[in-house]
Amino acid sequence: MEIKGVPAVGATTSGTSGQATSNATGAQFVAGHEYQAEVVSYAQGQVVVLRLQDGLVNVKLSGDVSAGQVVTLKYVGGLDVPIFEVVGSDTGNNAAYVAISRAATLIGQFLTKADSVPEIGGTVATGKPLLNNVTDPAQIAAELKQTLTGSGLFYESQLANLVLGSGAAEELRAQPQNTNAFDPAGLVSKQLEILESNAVRWAGTVWPGQVMQWTTQLDREGPADKNPNGSGENPDSENPTTVTSTMVLDLPKLKKIAATFKLRSDGALSVSVKAVEGVASSVLQPALPKLVDALTATGQKLESCLVSPHD
Numbered sequence: 153m154e155i156k157g158v159p160a161v162g163a164t165t166s167g168t169s170g171q172a173t174s175n176a177t178g179a180q181f182v183a184g185h186e187y188q189a190e191v192v193s194y195a196q197g198q199v200v201v202l203r204l205q206d207g208l209v210n211v212k213l214s215g216d217v218s219a220g221q222v223v224t225l226k227y228v229g230g231l232d233v234p235i236f237e238v239v240g241s242d243t244g245n246n247a248a249y250v251a252i253s254r255a256a257t258l259i260g261q262f263l264t265k266a267d268s269v270p271e272i273g274g275t276v277a278t279g280k281p282l283l284n285n286v287t288d289p290a291q292i293a294a295e296l297k298q299t300l301t302g303s304g305l306f307y308e309s310q311l312a313n314l315v316l317g318s319g320a321a322e323e324l325r326a327q328p329q330n331t332n333a334f335d336p337a338g339l340v341s342k343q344l345e346i347l348e349s350n351a352v353r354w355a356g357t358v359w360p361g362q363v364m365q366w367t368t369q370l371d372r373e374g375p376a377d378k379n380p381n382g383s384g385e386n387p388d389s390e391n392p393t394t395v396t397s398t399m400v401l402d403l404p405k406l407k408k409i410a411a412t413f414k415l416r417s418d419g420a421l422s423v424s425v426k427a428v429e430g431v432a433s434s435v436l437q438p439a440l441p442k443l444v445d446a447l448t449a450t451g452q453k454l455e456s457c458l459v460s461p462h463d
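The structure is reproduced here in structure tokens:
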């Protein structure tokens, strides 16, 4: 439908896209731009009064609206009278106008664009192997750390650390945000998912031919840590924070292995390794004391270390 304005005297020249057109009321409209208006009064077949740009504008409307309704208009142009097209409206009367901030609009655009990218939501994916060959298991940990810290997911916190005197400017410059080809849509969606789920996910090739999925999640044990008034975190809570890290690999001989490490803020570590039933009992269970010795030798407070078949 179209809305034709009826000013007291004729409007000036029609607007082309991107140009502002003024009418006798002093209002300026830009062709192609959208405007929010509130229907002040309406009667079928009569002049409609709209509140538009902090002023009242008389218009003729082909279509049914209700007083108090908020409509979205697109300015089309017009020689003697400005012409608007209705592109949206609320469904009820006396609807409150909701203003979306520029930041929220930008995030929405990023998420919409990210939906079209064929990636696992929130997962950091690596195409090439982290290592060409494995001579030291510690190399895998170091490469995983470098992959995540250099992914751009934690750019803002790294920038804050740099301002506070920690961190290196060179590492910050190497982040994706500082490259010419940076596209924020996919990265922002991953950052938002991390904030929502408190989990970071990585999937990729650790060495040629070996794929791994790795998830690290932050959670709290017991009831939510709240202050007595029910709001905010309680720093004196007795419920410790737990970081849960799970690695899943499908190995040529051992088949599917899932290793989960739970580290509490009080330093206690729990380890659980799941494997196919035959491997769990004949291969991993006899080797369990070596794992316990290796962990305790580092001074780690080991609470439990278990091997069991997959559920």
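For the sequence shown, our numbering assigns the number 153 to the initial residue and increments by one for each residue that follows.
Think of the CB as a built atom: it goes at the ideal place given N, C-alpha and C, for glycine as much as any other residue.
> Any chance the region 349 to 368 sits against the region 397 to 405, with 3 or more Cβ pairs inside 8 Å?
Replying inline: yes
> Helix, strand or coil: which one does DSSP assign to Pro281?
Replying inline: coil
>> Tell me which residues share the same chain as Pro461 and place their Cβ nearer than 8 Å to its Cβ, disregarding the 5 neighbours each side in the sequence.
In response: Lys426, Ala427, Val428, Glu429, Ala432, Ser433
> Would DSSP call Leu225 helix, strand or coil?
Replying inline: strand
>> Using only CA atoms, which one of Ala312, Glu323, Glu308, Gly317 lies nearest to Gln298?
In response: Glu323
>> I need the DSSP call for Ala183, collapsed to helix, strand or coil.
In response: strand
> If you draw a straight line from the C-alpha of Arg325 to the C-alpha of Gly319, how long is it?
Replying inline: 11 Å
> What is the DSSP secondary structure of Asp335, counted as helix, strand or coil?
Replying inline: coil
>> Assuming contact is defined by CB atoms lying nearer than 9 Å, are Leu454 and Ser422 in contact in what I supplied?
In response: yes
>> Can you check which of these residues, Pro336, Pro360, Pro328, Thr394, is closest to Ala351 by C-alpha distance?
In response: Thr394
>> Could you pull the DSSP bridge partners for Lys414 from this structure?
In response: Thr396, Ser422
>> Counting only beta-carbon separations shorter than 9 Å, does Phe181 have a partner in chain E?
In response: Among the chains in the structure shown there is no chain E, since it carries only a single protein chain.
> Would DSSP call Gly207 helix, strand or coil?
Replying inline: strand
>> Short of 6 Å in beta carbon distance, which residues of its chain neighbour Asp371, apart from the five on each side in sequence? Order them along the chain.
In response: Thr394
>> When you compare the CB positions of Pro281 and Gly304, do they come within less than 9 Å of one another, or not?
In response: no
>> Quick check: does the Cβ of Leu440 come within less than 8 Å of any heavy atom belonging to the ligand NAP?
In response: The ligand NAP is not among the ligands present in this structure, which contains no ligands whatsoever.
>> Please report the distance separating the alpha-carbon of Ala337 from that of Gln343.
In response: 10 Å
>> Taking the straight line between their C-alpha atoms, what separation do you get for Ala294 and Ala410?
In response: 20 Å
> From Asp418 to Gln452, what distance separates their C-alpha atoms?
Replying inline: 11 Å
> Roughly how many angstroms separate the alpha carbons of Val182 and Ser218, rounded to a whole number?
Replying inline: 26 Å
> What three-state label does DSSP hand Pro404 in the structure shown?
Replying inline: coil
> Where does Lys442 sit, in a helix, a strand or coil, going by DSSP?
Replying inline: helix
>> Once the 5 residues before and after Lys414 are set aside, which same chain residues still bring their CB inside 6 Å of it?
In response: Thr394, Thr396, Ser422
>> With the cut-off set at 9 Å, would you say Leu204 and Glu190 are in Cβ contact?
In response: yes
>> Residues in the same chain with beta-carbon distance under 6 Å from Leu406, minus the five sequence neighbours each way, listed in chain order, please.
In response: Val431
> DSSP state of Ser218, grouped into three classes?
Replying inline: coil
> Cα separation between Leu347 and Ala321?
Replying inline: 25 Å
> Out of curiosity, what's the CA-to-CA distance linking Asp377 and Ser349?
Replying inline: Confidence is the limiting factor: at Asp377 the pLDDT is only 47, short of 50, which leaves the residue's position unreliable and the question unanswerable from this model.
> Which residues mark the beginning and the end of the alpha helix (DSSP H) in which Pro289 is found?
Replying inline: 289 to 301
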